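4 protein chains.
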Amino acid sequence: MSPRTENQFEAMRMKSRENIISVAMNLFAANGYHTSSIAQIAKSANISKGLIYNYFASKEELLDAIIKTGFAEIDQMLPPVIESENPRATMVSEIETVFQNYQSNFEFWKFYFQIIMQPKIFEIYAQPLKTFLSEQIVKLSDLFKSICVSHPELKARTLAALLDGIGFHMIIDEDYPLDDVKNFIIHNLIQEEQK
Amino acid sequence: MSPRTENQFEAMRMKSRENIISVAMNLFAANGYHTSSIAQIAKSANISKGLIYNYFASKEELLDAIIKTGFAEIDQMLPPVIESENPRATMVSEIETVFQNYQSNFEFWKFYFQIIMQPKIFEIYAQPLKTFLSEQIVKLSDLFKSICVSHPELKARTLAALLDGIGFHMIIDEDYPLDDVKNFIIHNLIQEEQK
Amino acid sequence: MSPRTENQFEAMRMKSRENIISVAMNLFAANGYHTSSIAQIAKSANISKGLIYNYFASKEELLDAIIKTGFAEIDQMLPPVIESENPRATMVSEIETVFQNYQSNFEFWKFYFQIIMQPKIFEIYAQPLKTFLSEQIVKLSDLFKSICVSHPELKARTLAALLDGIGFHMIIDEDYPLDDVKNFIIHNLIQEEQK
Amino acid sequence: MSPRTENQFEAMRMKSRENIISVAMNLFAANGYHTSSIAQIAKSANISKGLIYNYFASKEELLDAIIKTGFAEIDQMLPPVIESENPRATMVSEIETVFQNYQSNFEFWKFYFQIIMQPKIFEIYAQPLKTFLSEQIVKLSDLFKSICVSHPELKARTLAALLDGIGFHMIIDEDYPLDDVKNFIIHNLIQEEQK
DNA sequence: GATGAATGAGTATTCATTCAT
DNA sequence: CATGAATGAATACTCATTCAT
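So the protein lines, in turn, are chains A, B, C and D. The first sequence: position 96 = 95 (numbering that gives the first Met the number 0), numbered continuously. The second sequence: position 98 = 97 (numbering that gives the first Met the number 0), numbered continuously. The third sequence: position 176 = 175 (numbering that gives the first Met the number 0), numbered continuously. The fourth sequence: position 98 = 97 (numbering that gives the first Met the number 0), numbered continuously.
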């Protein structure tokens, strides 16, 4: 009878938008960006093609939203380093977070590794990606410094590369022993301390 | 003029074929598979669209030929492990080969990381890729075993992941300190020995 | 607050309706019928898309209402011929009225020339337009007859065509010497008389 | 067997291109630009939709080609004024050409009057149109000068407006007495001479 | 009355592929 | 062998219109 309130509309919009993003991400991850059509996305989401354009001006903008959402989620997953009394424990917890992330957001990471590498997309996101990578390196560097390790930056770089490489392999090999590798790495880290 | 011999024809065909493969590979690397059209390839190769179909039954088959050619080239790049008396030296030399390869064939690796990740291609080559990865792990495992390290397989896995992760980062960041990272890794490997 | 009376409601409805018509007419004039969307009209009018359908059953019906409103306005603009004792003076005054109209309602005529010619509209209004044209011809014919000119109908036709052609040129050329042309025509008309 | 020659291809292209332009112009004239779809044009021309894009990059470019072709045809129809010994005869022949043009190219003129007035299109072609109009006025002015008439430019302007107005009326009224009007105008022109 | 989310038929455009010559 | 005109199925996107609230 009475028209919907602003809040009601806002809630509807949020729900629809998130639904589209989620469905599209899964499809892009599974079949690729170019091979997933707007029609397919709409069908998977049980909505009309047109609705997608109520939320995203183009397929490319939808992709952008997915990537942005993904980055935001990663940021949330990797909470700011807690200035703990025990920096080594902090680092271990950091690494565990990454692995947990790999496990719980497998679809996103698959999507991410696949999408980010496509030339046109790479061109657009190379800069933010580089920035993101630098920030991670700095963060890890600082942690290593606080443990008084020699060559903290190189140590940080190898750890970052190692983690990304594991993500990469995990996608190629669905039987990847993620937990074993995680424990091995953490074990090594702790052992070094006691050295 | 005497008619061309069977061999001459065959040679011409091969040359044409290789030319198409080379041109298409460059276009795919620069702009992606889906965003490069047969018309573009034909234009770049200075031939007609129709002629491409004399050599490849479809665009997909052309892609397949490109990938196969690429794999063959990788095989040539990575020389067979020399069974040395000093396994640790062998390993160091292996790692150095990889880094050298990264440096001298940067464009090629960029192309490969980009191409291999595209879903359609990934689907087809996930299996061979997984096999290739396994072989590398086994190879490294064996080397680690011969140095009597504990957890040789996990050690192999982390090293492989580390090397791939570095390749990944090197593509993202054109200022990547490849040499520093290489020396750091090798130095660590040797240090461990003396522990 | 007492409930609004029936009349108040009716007045509100009329005002809303007229507002929509006015906004839509401006948009159609500026950007054309097909290139102006209901969404744009609603936005320009500061109302919702749905509301437009409370007043007009379809976009086409809205157009129809605009045209009808426009015709009514034209009727108001062109005052009925004053049956003067001096038909030639009447004719001169008629012509002067048209030119004055062209000058003071330039935007309106521009809109009308543009709108009337669009096929969809033309189809609907070709008949009324033809009728309107015929009436004008008859009116002018009668005037010419009363001045005892030979071929009054053809004279009327050429005068009508001349006036429309001038309107057309005036729209194309913003520097059109409307006054000079007007004086020239009227001067000729008077001269002929004295012949 | 042997491939087609360059000339053969050129001939095919010419034929196809002209066919598309001709069919599209008729459809645009009959139903309007926006209401005629590429699919309709293709169907009317008995070709595939795709073929149209082999010749025109977009619907708008097709429209452009039609208009340019039309202008070119008009130019051919209105041959450069022959410096005759009898300028009045020249003028009569000019006028006769225009009327003949109206009759034989009715479809184009219908299209032209309808299309040119649409806002977006008008914006694009207002300038060339104005230029074209100016040229015609100058041409007619010169002719009038050579007959030693007073106010040659105004005379030229009224004649041009008259001719365009007649074109306009002819489109509105399919029973327009084109021949009568033509004879009347020419008759008047000759009479003036003898005055 | 009033809102704007949702629909779906329709549109321009692309492009791998075929084929007559 | 080689050409490029022609095809047609697929795709992204638009927009008038509906309808639950």
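Note that the Cβ used here is the ideal one computed from N, Cα and C, for glycine as well. Computed from a predicted structure; not experimentally measured.
- Taking one C-beta from the segment 177 to 184 of chain D and one from the segment 176 to 185 of chain C each time, how about it: are there three or more such pairs within less than 8 Å? For the pair of segments examined, the segment 177 to 184 of chain D was found not to touch the segment 176 to 185 of chain C: the number of CB pairs separated by less than 8 Å stays below three.
- Task: Tell me whether the beta-carbon of residue 111/C lies closer than 8 Å to the beta-carbon of residue 62/C.
- Result: Taking 8 Å as the cut-off, the beta carbon of residue 111/C is found no closer than this to the beta carbon of residue 62/C.
- Item | Coarse secondary structure for residue 0/B, derived from DSSP in three states | Any reading at residue 0/B is ruled out, since the residue's pLDDT is 45, under 50, leaving its predicted position unreliable.
- On the premise that residue 48/B lies in contact with residue 37/B, defined as a C-beta separation below 8 Å, what is that separation, rounded to the nearest angstrom? 6 Å between Cβ atoms; contact.
- Item | Nonlocal neighbours in the same chain, by C-beta distance under 7 Å from residue 165/C, ignoring five residues either side | 180
- Item | Where residue 172/C sits in the DSSP three-state scheme | coil
- Query: Does the pairing of the segment 126 to 136 of chain B with the segment 156 to 163 of chain B give three or more beta-carbon distances under 8 Å?
  - Reply: yes
- Kindly list the residues whose CB is nearer than 6 Å to the CB of residue 109/A, restricted to its own chain and excluding five residues on each side of it in sequence; keep chain order. 28 and 170
- Of the residues 150/B, 18/B and 60/B, the one placed nearest residue 41/B, counting alpha carbons only: 18/B
- Message: For residue 73/C, would you say it is in contact with chain D, using Cβ-to-Cβ distances shorter than 8 Å as the test?
- Response: Output row for residue 73/C: interface = no.
- Message: Closest to residue 97/A by C-alpha separation, out of 34/A, 191/A and 163/A, would be which residue?
- Response: 163/A
- Task: My understanding is that residue 140/C touches residue 152/C, with C-beta atoms under 8 Å, so please give their C-beta distance in whole angstroms.
- Result: 5 Å
- Task: Check whether the Cβ atoms of residue 142/C and residue 76/C lie closer than 8 Å to each other.
- Result: Taking 8 Å as the Cβ cut-off, residue 142/C and residue 76/C do not qualify as a contacting pair.
- Item | 6 Å Cβ shell around residue 154/D - same chain, five flanking residues per side excluded | Counting only Cβ-Cβ distances below 6 Å, and skipping sequence neighbours, we find 143 and 148.
- Message: The alpha helix (DSSP H) that contains residue 107/A, what's its start and end?
- Response: Counting along the chain, residue 107/A sits inside the alpha helix (DSSP H) bounded by residues 105 to 115.
- Task: Just the C-alpha distance for residue 71/A and residue 127/A, rounded to the nearest angstrom, thanks.
- Result: In this structure, the CA atom of residue 71/A is about 13 Å from the CA atom of residue 127/A.
- Message: Counting only C-beta atoms, is residue 179/A closer than 8 Å to chain B at any point?
- Response: It does: the Cβ of residue 179/A has a partner Cβ on chain B nearer than 8 Å.
- Message: Just verifying my parser: in three-state terms, what is the DSSP assignment at residue 166/C?
- Response: helix
- In chain B, which residues lie less than 8 Å from residue 117/A when you measure between Cβ atoms? 31, 113, 116 and 117
- Query: Should residue 113/C go down as buried or exposed, given a rule of 16 or more other Cβ atoms within 10 Å for buried?
  - Reply: buried
- residue 167/C CB to nearest chain D CB: under 8 Å? Chain D, which has a Cβ nearer than 8 Å to the Cβ of residue 167/C, makes this yes.
- Message: Please identify the residue among 117/D, 46/D, 7/D and 88/D whose C-alpha is closest to the C-alpha of residue 22/D.
- Response: 46/D
- Item | Neighbour flag for residue 191/D against chain C, beta carbons, 8 Å | no
- For the alpha helix (DSSP H) that residue 66/B lies in, which residues bound it at each end? 58 to 76
- Partners in chain C for residue 183/D, counting only beta-carbon separations shorter than 9 Å: 150, 153, 154, 156 and 157
- Among 85/C, 24/C, 100/C and 51/C, which one has its Cα closest to the Cα of residue 74/C? 100/C
- Applying a beta-carbon distance threshold of less than 8 Å, which residues of chain C neighbour residue 62/D? Under the 8 Å cutoff, chain C gives no residues; its nearest Cβ is about 13 Å from residue 62/D.
- Item | residue 173/D versus residue 106/D: straight-line alpha-carbon distance, rounded | 12 Å
- Message: Quick check on this structure: which residue in 16/C, 6/C and 175/C has the alpha carbon closest to the alpha carbon of residue 44/C?
- Response: 16/C
- Task: Within the same chain, show all residues whose beta-carbon is closer than 8 Å to that of residue 1/B, passing over the 5 residues directly before and after it, in chain order.
- Result: Residue confidence is low: residue 1/B scores 47 on pLDDT, short of 50, so the model does not pin down where it sits. No coordinate-derived value is stated.
- Item | Top-ranked residue by Cα proximity to residue 26/D, from 145/D, 58/D, 95/D and 131/D | Checked all of 145/D, 58/D, 95/D and 131/D; the closest Cα to residue 26/D is 58/D.
- Collapsed DSSP secondary structure at residue 46/C in the structure displayed: Correct three-state label for residue 46/C: coil.
- Query: In whole angstroms, what is the alpha-carbon distance linking residue 131/D and residue 103/D?
  - Reply: So the alpha carbons of these two residues sit roughly 21 Å apart.
- Message: Which same chain residues end up closer than 6 Å to residue 24/A when comparing Cβ atoms and leaving out the 5 residues on each side of it in sequence?
- Response: Setting aside the 5 residues that flank it on each side, residue 24/A is surrounded in the same chain by 65 and 110, each with a C-beta closer than 6 Å to its C-beta; the list follows chain order.
- Query: So what does DSSP say about residue 180/A, is it helix, strand or coil?
  - Reply: Here residue 180/A carries a helix assignment [DSSP, helix/strand/coil].
- Give the straight-line distance between the Cα atoms of residue 176/C and residue 168/C, rounded to the nearest whole angstrom. Those two C-alpha atoms are separated by around 10 Å.
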